[in-house]
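Each residue of the sequence shown is one higher than the one before, counting from 1 in the UniProt record's numbering. Report on one structure; see the data block that follows.
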Amino acid sequence: DRQTLVAVLQFLRRSNLRESEEILRREARLLGDDLGGSVATVATSSPAVAAVAAVPPGKGEDRGNCGVGSSSRREPGKWGANVLLTASGALRDAGIQGPSSKITHFGEVIGGAVVVEDQPDVSAVLSAYNQQGDPTLYEEYYSGLKHFIECSLDCHRAELSQLFYPLFVHMYLELVYNQHESEAKSFFERFHGDQECYYQDDLRVLSSLTKKEHMKGNETMLDFRTSKFVLRISRDSYQLLKRHLQEKQNNQIWNIVQEHLYIDIFDGMPRSKQQIDAMVGSLAGEAKREANKAKVFFGLLKEPEFDVPLDDEDEEGENEEGKPKKKKPKKDNVGSKSKKQDPNAPPQNRIPLPELKDSDKLDKVMNMKEAARRVRLGPECLPSICFYTFLNAYQGLTAVDITDDSSMIVGGFADSTVRVWSVTPKKLRSVKTAADLSLIDKESDDVLERIMDEKTASELKILYGHSGPVYGTSFSPDRNYLLSCSEDGTVRLWSLQTFTCLVGYKGHNYPVWDTQFSPYGYYFVSGGHDRVARLWATDHYQPLRIFAGHLADVTCTRFHPNSNYIATGSADRTIRLWDVLNGNCVRIFTGHKGPIHSLAFSPNGRFLATGATDGRVLLWDIGHGLMVGELKGHTDTIYALRFSRDGEILASGSMDNTVRLWDAVKAFEDLETDDFTTATGHINLPENSQDLLLGTYMTKSTPVVHLHFTRRNLLLAAGAYSSQ
Numbered sequence: 001d002r003q004t005l006v007a008v009l010q011f012l013r014r015s016n017l018r019e020s021e022e023i024l025r026r027e028a029r030l031l032g033d034d035l036g037g038s039v040a041t042v043a044t045s046s047p048a049v050a051a052v053a054a055v056p057p058g059k060g061e062d063r064g065n066c067g068v069g070s071s072s073r074r075e076p077g078k079w080g081a082n083v084l085l086t087a088s089g090a091l092r093d094a095g096i097q098g099p100s101s102k103i104t105h106f107g108e109v110i111g112g113a114v115v116v117e118d119q120p121d122v123s124a125v126l127s128a129y130n131q132q133g134d135p136t137l138y139e140e141y142y143s144g145l146k147h148f149i150e151c152s153l154d155c156h157r158a159e160l161s162q163l164f165y166p167l168f169v170h171m172y173l174e175l176v177y178n179q180h181e182s183e184a185k186s187f188f189e190r191f192h193g194d195q196e197c198y199y200q201d202d203l204r205v206l207s208s209l210t211k212k213e214h215m216k217g218n219e220t221m222l223d224f225r226t227s228k229f230v231l232r233i234s235r236d237s238y239q240l241l242k243r244h245l246q247e248k249q250n251n252q253i254w255n256i257v258q259e260h261l262y263i264d265i266f267d268g269m270p271r272s273k274q275q276i277d278a279m280v281g282s283l284a285g286e287a288k289r290e291a292n293k294a295k296v297f298f299g300l301l302k303e304p305e306f307d308v309p310l311d312d313e314d315e316e317g318e319n320e321e322g323k324p325k326k327k328k329p330k331k332d333n334v335g336s337k338s339k340k341q342d343p344n345a346p347p348q349n350r351i352p353l354p355e356l357k358d359s360d361k362l363d364k365v366m367n368m369k370e371a372a373r374r375v376r377l378g379p380e381c382l383p384s385i386c387f388y389t390f391l392n393a394y395q396g397l398t399a400v401d402i403t404d405d406s407s408m409i410v411g412g413f414a415d416s417t418v419r420v421w422s423v424t425p426k427k428l429r430s431v432k433t434a435a436d437l438s439l440i441d442k443e444s445d446d447v448l449e450r451i452m453d454e455k456t457a458s459e460l461k462i463l464y465g466h467s468g469p470v471y472g473t474s475f476s477p478d479r480n481y482l483l484s485c486s487e488d489g490t491v492r493l494w495s496l497q498t499f500t501c502l503v504g505y506k507g508h509n510y511p512v513w514d515t516q517f518s519p520y521g522y523y524f525v526s527g528g529h530d531r532v533a534r535l536w537a538t539d540h541y542q543p544l545r546i547f548a549g550h551l552a553d554v555t556c557t558r559f560h561p562n563s564n565y566i567a568t569g570s571a572d573r574t575i576r577l578w579d580v581l582n583g584n585c586v587r588i589f590t591g592h593k594g595p596i597h598s599l600a601f602s603p604n605g606r607f608l609a610t611g612a613t614d615g616r617v618l619l620w621d622i623g624h625g626l627m628v629g630e631l632k633g634h635t636d637t638i639y640a641l642r643f644s645r646d647g648e649i650l651a652s653g654s655m656d657n658t659v660r661l662w663d664a665v666k667a668f669e670d671l672e673t674d675d676f677t678t679a680t681g682h683i684n685l686p687e688n689s690q691d692l693l694l695g696t697y698m699t700k701s702t703p704v705v706h707l708h709f710t711r712r713n714l715l716l717a718a719g720a721y722s723s724q
């Protein structure tokens, strides 16, 4: 409004920020003195830039972010207007983008103008908790609301109960910040037992924050303050709550609801307790429905076409028996099975992929031959499981990977070594020295054999280079390279021809928890303690994309089969899907109650399976952005998930020393993904996941850390024997 703009302009003039003042005048068309329309301004503190966006009236109200400060918020003498601190969420909700949406912004709303500071300055964040009201009444406020919710109708009670946890945390932090330590302690003790069991770990961290000083350096604290906690509530329940708080004049709670919560309101039936329980539990509540609306190209890319020689043995075999030769289906090219472009596939050239080399084509031919002999799995035909146990692994096995053709296995260890074994009778050999190579006839047919040095043949090669435990390993699809990532903050690329390190990629400043090659090679992804995932190409020192958005460590990473998307799982208990092309987050999945440790895409690219410390496997429909299944059975963290080659079976491996097989076909059939479900998140999970469990296989005392289906659908599992 006009007064505010004038006040801001005067302030800019007093502070000698002439440039900003000019820009603001120009943008607000205030060249003379004619003020028009309500204007919200976003200015950064360091570079003097201002961007302006008109906020449609009433938009904030609908979302529970009205941006209206109550009288207790006024600070006299500060621009003589209502001052209200809001986190970056409110700015985004109003459709206002700061100069760089990547940086978390905090701002002050002054009447209608928003001034944003750059980095999350801790003291600015915390000052939102300034003196709020009578500390002795907090317990009364909270128990009053609790009583109201518990006495409301069943249909609203489940939805409104979601408020308990975020309100409890913010009220507790407010008391601590304002140094009412005894009141805070009594508030915590009285109400912490009422919170859902899946918040126990967070509450443990919270209980250690008992003094204002503790809050300064605490990451969990900052996360909670800076990200708006998202609640999905039906319009009826929301109106009920609003009416109650306004009648009771309960400004304290209403302020917190407005400032720290984002209420995503939908029209329609309220959700049931089961539906809500399935979706909540992450560090910042549920995902906003908007977050899962973007189009995702989940289809597969068309296979390149090239000739496949017919199998000679097969023909001879048929003729020996004297029967007329059956007409064989023409195997003229590999692309024949996917001639038609998948309607959900991304355009072939959406992201540049490496060209196929001759050796890749040869490998594809081998793959086709193997696939022809593949076992069709199903409830009646379960795979055999071959378990590789690492014995005497006192170095501490921390990561495992197996090549696509199942010829090599690699282990990453806590003693910072990477060990590669050959699983076939063929030993691992290095290339000869330069002097010996110069003597070889480069034109001979078996030149690739001749360059190998027989003297170096061995079953095991040890790669030294990291200076901390190795947490992730990944073979390239062509088996020429190996990636490893470590606590030392680097990702290393090793050559499997010379068994030496080629590159160390430095970008993460903290431990790197996982890394994975793209199914097409060349690109790879890494995720770590710095809460971001990075996309790299093997021939670039710098990352190509940085995927920022998780509120805690990125614990696992996976490429989509078409290589256009990357899934990341995090300790903030969410899974995000990122678009490689532009770095945008296109899906946020919430529902796990603990850090995510495993991800697997179905071979057709439509579904994602995720496993976490809560012992549940959740299944997601990527196109609709919905949870479609929950597999319960494991009693400990799930570290390994893998679909069989044709996607009929999902195998899960856990720290509870078991491998479990699930019927993936049945899990994904008859999905109800109508528009209403997609719009409101009213998911209906089948009651009993035991119908989907096809088998449980115990090891003696070996936690399962990796699973892999061979090209013929034999299941390989790996882990280190633990003696306790």
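Built from N, CA and C at the ideal position, the CB exists for glycine as well.
- When rounded, the separation of the alpha-carbon atoms in residue 183 and residue 170 is 14 Å.
- For residue 269 and residue 277, the gap between their C-alpha atoms comes out near 16 Å.
- Scanning the segment 195-254 from its first residue to its last, the whole alpha helix (DSSP H) runs of 4-plus residues come out as 200-207, 212-216, 219-226 and 235-247.
- By the Cβ neighbour-count rule, residue 485 is buried, with 16 or more other Cβ atoms within 10 Å of its own.
- Sixteen is the threshold: since fewer than 16 other Cβ atoms of the shown chains lie within 10 Å of the Cβ of residue 305, the residue is exposed.
- Here the alpha carbons of residue 369 and residue 234 stand approximately 54 Å from one another.
- Assignment of beta-bridge partners to residue 709 by DSSP yields 715.
- A buried status is given to residue 461, since no fewer than 16 other beta-carbon atoms sit within 10 Å of its beta-carbon.
- For residue 532, there is no enclosing alpha helix (DSSP H); the residue is found in the beta strand (DSSP E) stretching over 532-537.
- Three or more beta-carbon pairs separated by less than 8 Å link the segment 542-557 to the segment 503-516, which places the two stretches in contact.
- Taken through DSSP and simplified to helix, strand or coil, residue 21 comes out as helix.
- By alpha-carbon distance to residue 225, the top candidate from 551, 145 and 412 is 551.
- Below 8 Å, enough C-beta pairs join the segment 374-394 and the segment 712-721 to call them touching: three or more.
- Nearest to residue 613 by alpha-carbon distance, out of 579, 623, 654 and 627, is 654.
- A contact between stretches requires three or more CB pairs, one per stretch, nearer than 8 Å, and the segment 580-587 meets this requirement with the segment 542-551.
- C-alpha of residue 18 to C-alpha of residue 264: approximately 40 Å in a straight line.
- Following the DSSP letters along the chain, one finds residue 461 inside the beta strand (DSSP E) bounded by residues 460-463.
- Here the C-alpha atom of residue 576 lies approximately 6 Å from the C-alpha atom of residue 567.
- Assigned with DSSP and collapsed to three states, residue 387 falls in strand.
- Distance between residue 440 and residue 451, taken at the CA atoms: about 7 Å.
- The closest CA to that of residue 607, considering only 344, 135 and 255, is found on 344.
- Your pair residue 638 and residue 598 checks out as a contact, with CB atoms roughly 5 Å apart and the cut at 8 Å.
- Residues of the same chain with a CB within less than 8 Å of the CB of residue 407, apart from the 5 flanking positions on each side, are 422, 423, 424, 426 and 479 in chain order.
- Taking all protein chains shown into account, residue 358 has fewer than 16 neighbouring C-beta atoms within 10 Å of its C-beta and is therefore exposed.
- DSSP places residue 279 in the helix class (H, G or I) of the three-state scheme.
- Closest in alpha carbon position to residue 625, among 570, 666, 348 and 290, is 290.
- In the three-state scheme derived from DSSP, where H, G and I count as helix and E and B as strand, residue 523 is classed as strand.
- Residue 198 has its alpha-carbon roughly 18 Å from the corresponding atom of residue 189.
- Contact between residue 713 and residue 642 is ruled out by a C-beta separation of about 11 Å, above the 8 Å threshold.
- Under the three-state reduction of DSSP, residue 419 is assigned to strand.
- Per DSSP, the beta bridge partners of residue 653 are 640 and 659.
- Annotation for residue 371: the continuous alpha helix (DSSP H) segment containing it runs 358-372.
- Three or more pairs of CB atoms, one per stretch, sit closer than 8 Å, so the segment 617-634 contacts the segment 292-306.
- Counting only the Cα atoms, residue 404 lies some 7 Å from residue 710.
- Distance from the CA of residue 2 to the CA of residue 262, rounded to the nearest whole angstrom, comes to 28 Å.
- Taking the Cα positions, residue 227 is about 33 Å away from residue 13.
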